[in-house]
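The structure appears below as structure tokens.
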Amino acid sequence: MLHKTQAIVLNTINYNDKYLLASLYTSEFGRVTYMVPKSKSKSAKLPKSIFAPLSILDMETEHQATRDIQRIKEAHLLYPLYSIQGNMVKTSIVFFLSEFLSRILKDTDEYRIIFDYLSQSIQVLEETDKGLANFHLVFMLKLTRFLGFYPNLEDYTENDYFDMLNGVFVHHQPLHNHYINRTDSKVLSLLARISYENMHRFILSRQDRLNIINRMLEYYRIHLHDFQALKSLDILHELF
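All letters in the sequence shown, in the order written, are residues 1 to 240 by full-length UniProt numbering.
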């Protein structure tokens with residue numbers, strides 16, 4: 001049966017000489033793996049170029065619940081990412097987020113809401129040139145709201161610790177090991193006020209940004225099963 005859906009490309013891998021497998025996050029079905037013919041021809045119905053990481057597609061697909069791998073009948077770019085493709089910093093952010101999302105997005109009933117958030121965020125990255133060093137921090141923090149473990153960063157007082165198991169600031173050092181020290185907790189509290197609109201106003205040191213992203217990844221690791229280390233993280237550390 002044919003279905004219309006929009007999708008965001010997470011990653012692609014080679015399947016054989018004729019096909020690749022594309023992992024997409026769709027607005028109608030959540031995360032789906034599709035078989036895509038390999039073709040460099042511009043006249044092909046499914047040119048390989050449109051399956052770049054985080055491309056936003058409009059598609060007509062065959063979808064059968066009994067299949068592990070689905071097929072795409074037609075697809076085209078819904079929102080071309082010209083700025084991202086021509087900007088090394090944005091491209092590096094996209095590769096990081098592509099790997100990050102590929103690791104964390106599993107089966108969920110909230111796929112329409114998550115898809116809308118991802119699509120809007122990618123468009124923000126395409127259209128803005130300010131505050132890029134903080135973009136991934138905002139993205140990762142806001143995404144936790146849709147995954148069910150958004151932290152409470154509002155109730156910070158001086159010298160608090162951040163308890164990562166419970167997602168809250170506490171006055172005393174927790175009895176477990178999953179907490180953030182007082183110095184890094186103070187920096188983390190700044191994220192309560194950060195957004196895509198004002199992220200360019202937050203000037204963080206390289207070390208503070210490094211500590212925050214490492215702690216945020218640890219926070220994800222605590223709350224998600226089987227979240228492995230990211231290979232592309234080193235690229236962001238070099239850039240910012």
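We put the CB at the ideal spot given by N, CA and C, even for glycine.
Small disclaimer: the values here were computed from a predicted structure and weren't measured.
Item                                                                                                  : Value
Short Cβ contact (9 Å threshold) for Ser-232 with Phe-135                                             : no
Which of helix, strand or coil DSSP assigns to Leu-188                                                : helix
Thr-61 to Glu-74 span [Cα, whole Å]                                                                   : 7 Å
Burial state of Glu-99, where buried means 16 or more other Cβ atoms lie within 10 Å                  : buried
Enclosing beta strand (DSSP E) for Gln-173 [first to last residue]                                    : Where Gln-173 is concerned, there is no enclosing beta strand (DSSP E), given that its DSSP letter is neither H nor E.
Where residue 251 falls, given that 16 or more other Cβ within 10 Å makes a residue buried            : An answer regarding residue 251 cannot be provided, because it is not within the stretch 1 to 240 covered by the chain.
Endpoints, the beta strand (DSSP E) within which Glu-74 is located                                    : 69-77
Secondary structure of Glu-126, DSSP reduced to three states                                          : helix
Cβ-Cβ distance between Leu-191 and Leu-153 below 9 Å                                                  : yes
Segment contact flag, the region 79-91 with the region 21-37, C-beta cutoff 8 Å, min 3 pairs          : no
Cβ contact check for the region 1-8 and the region 51-58: 3 or more pairs under 8 Å                   : yes
Test item: CB-CB of Arg-221 and Phe-162 under 9 Å                                                     : no
Per-residue DSSP class, three states only, for Asp-107                                                : coil
N- and C-terminal bounds of the alpha helix (DSSP H) containing Phe-146                               : 132-147
Neighbourhood of Arg-182 by C-beta, 8 Å cutoff - its chain only, sequence neighbours within 5 removed : Asn-159, Asp-160 and Tyr-161
Three-way DSSP call (helix, strand, coil) for Ser-232 in this model                                   : coil
Beta bridge counterpart(s) of Asn-11 as assigned by DSSP                                              : Ser-23
Exposure of Leu-125, with buried meaning 16 or more beta-carbon neighbours within 10 Å                : buried
Beta-carbon proximity of Ile-113 to Leu-77, cut-off 9 Å                                               : no
Reference Tyr-117; option with closest CA among Asp-184, Arg-103, Val-138 and Thr-128                 : Val-138
Leu-153 (DSSP reduced to helix, strand or coil)                                                       : coil
For His-223, the three-state DSSP class (helix, strand or coil)                                       : helix
CB contact flag (Arg-103, Leu-21, <9 Å)                                                               : no
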